[in-house]
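Q: So that we are looking at the same thing, I have put the structure below in structure tokens.
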């Protein structure tokens with residue numbers, strides 16, 4: 001697993017933990033950065049957690065709009081964390097190609113969630129990826 005893939009997994013772990021605990025992801029991240037009790041936090045993990053948190057309202061709006069038949073509250077928390085991260089990379093991470101953002105999110109879903117999750121994540125991010133250029137123009 002490459003450094004960025006590891007950073008993505010760590011970011012999903014932090015986003016998931018914050019959601020389950022009802023905490024702010026950036027505050028949770030701040031507690032971990034520099035702590036001798038946990039492994040060092042990669043800079044890209046910090047970028048991802050901060051980016052998802054900054055754009056969360058728009059990310060959740062788009063996920064709600066494009067998750068056919070699923071509300072955010074109905075989604076498994078890990079799937080929601082993966083989707084938020086994937087959508088952040090898809091629309092705001094200019095150095096990550098769209099296909100890579102989607103594929104990395106699908107791989108995380110395969111590793112961390114249910115058998116149905118990769119197909120669901122791919123479907124939602126694929127629909128948004130189809131209109132990503134238009135969406136980026138309005139951000």
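Residue numbers (full-length UniProt numbering): 1 to 139.
Cβ coordinates follow ideal geometry from the N, Cα and C atoms, glycine included.
Taking the CB atoms as reference points, tell me whether residue 83 and residue 112 lie closer together than 8 angstroms.
A: For the purposes of this step, residue 83 is taken as the residue at position 83 of the chain shown. For the purposes of this step, residue 112 is taken as the residue at position 112 of the chain shown. Going by C-beta atoms, residue 83 is not nearer than 8 angstroms to residue 112.
Q: Take every Cβ of the region 30-37, pair it with every Cβ of the region 116-135, and state whether three or more of those distances are shorter than 8 angstroms.
A: no
Q: Exposed or buried, residue 39, counting other C-beta atoms within 10 Å across all chains shown (16 or more means buried)?
A: As a first step, residue 39 must be located in the chain shown, where it is residue number 39. By the neighbour-count rule (16 or more Cβ atoms within 10 Å), residue 39 is not buried but exposed.
Q: Between residue 71 and residue 120, what straight-line distance do the alpha-carbon atoms span, to the nearest angstrom?
A: By 1-based counting over the chain shown, the position of residue 71 is 71. By 1-based counting over the chain shown, the position of residue 120 is 120. Each residue's alpha carbon lies about 13 angstroms from the other.
Q: Label residue 97 either buried or exposed according to how many other C-beta atoms from any shown protein chain fall within 10 Å of its C-beta, with 16 as the threshold for buried.
A: Within the chain shown, numbered from 1, the residue matching residue 97 stands at position 97. It counts as exposed.
Q: Short check: CB of residue 49 to CB of residue 29, under 8 angstroms?
A: Here the question's residue 49 lines up with position 49 in the chain shown. Here the question's residue 29 lines up with position 29 in the chain shown. Closer than 8 angstroms, so yes.
Q: Please report how far the alpha carbon of residue 21 lies from the alpha carbon of residue 65, in whole angstroms.
A: On the chain shown, residue 21 is found 21 positions in, with the first residue counted as 1. On the chain shown, residue 65 is found 65 positions in, with the first residue counted as 1. Roughly 26 angstroms between the two C-alpha positions.
Q: From what residue to what residue does the alpha helix (DSSP H) around residue 117 run?
A: Against the chain shown, residue 117 aligns to sequence position 117. Start and end: 117-129.
Q: Looking at the ligand NAP, does it come within less than 7 angstroms of residue 135, judged from the CB to the closest heavy atom?
A: Questions concerning the ligand NAP fall outside what the structure shown contains, since it holds no ligand whatsoever.
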